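Data first, discussion second: the structure below is written as structure tokens.
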């Protein structure tokens, strides 16, 4: 490995540590090819009431490393589900995120039509009160 690649690797590892992101590198002397992944939280709407956390993990796992899945179902006063949506926390590169959104957004799946977007920060997260 050449000196330039060594310096770049050391710099990137320091940067990765500061930004808390995962880095996968394929190194050859004079050729440095990097894929940077970041944790993203995706909102997934339009889910069928029969979808499970495992289903979502498997579906999104084709595009990145799924860390966590949350499913939420809203029910009417009689207890009948009327809206199911979820959040997927996934380590994913920008390219794979674009591919994921292109392939899955507005696609039909298990009786629903998926609506996927990067989740917005909640009011509670942006307005934390430190005691």
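Residue numbers (our numbering): 205 to 335. Where a beta carbon is used, it is the ideal one built from N, C-alpha and C, also for glycine. Fair warning: this is a prediction, and the values are worked out from it, not measured in the lab.
Identity of the residues DSSP links to residue i by a beta bridge
i           : result
residue 272 : 293
residue 246 : 292, 322
residue 285 : 279
residue 316 : 313
Backbone secondary structure at residue i - three-state DSSP
i           : result
residue 325 : coil
residue 306 : helix
residue 267 : coil
residue 251 : coil
Residue i versus the options, residue with shortest Cα-Cα distance
i           : options       : result
residue 292 : 282, 254, 269 : 269
residue 305 : 262, 267, 295 : 267
Residues near residue i by beta carbon distance below 6 Å, same chain, minus five either side
i           : result
residue 287 : 278
residue 317 : 250
residue 272 : 293
residue 311 : 318
residue 257 : 273, 275
Beta-carbon contacts of residue i that lie in its chain and below 7 Å, excluding the five residues immediately before and after
i           : result
residue 325 : none
residue 274 : 290, 291
Separation of residue j from residue i, as counted between CA atoms
i           : j           : result
residue 314 : residue 300 : 23 Å
residue 307 : residue 285 : 27 Å
Own chain partners of residue i with C-beta closer than 8 Å, once the 5 adjacent residues on each side are dropped
i           : result
residue 280 : 286
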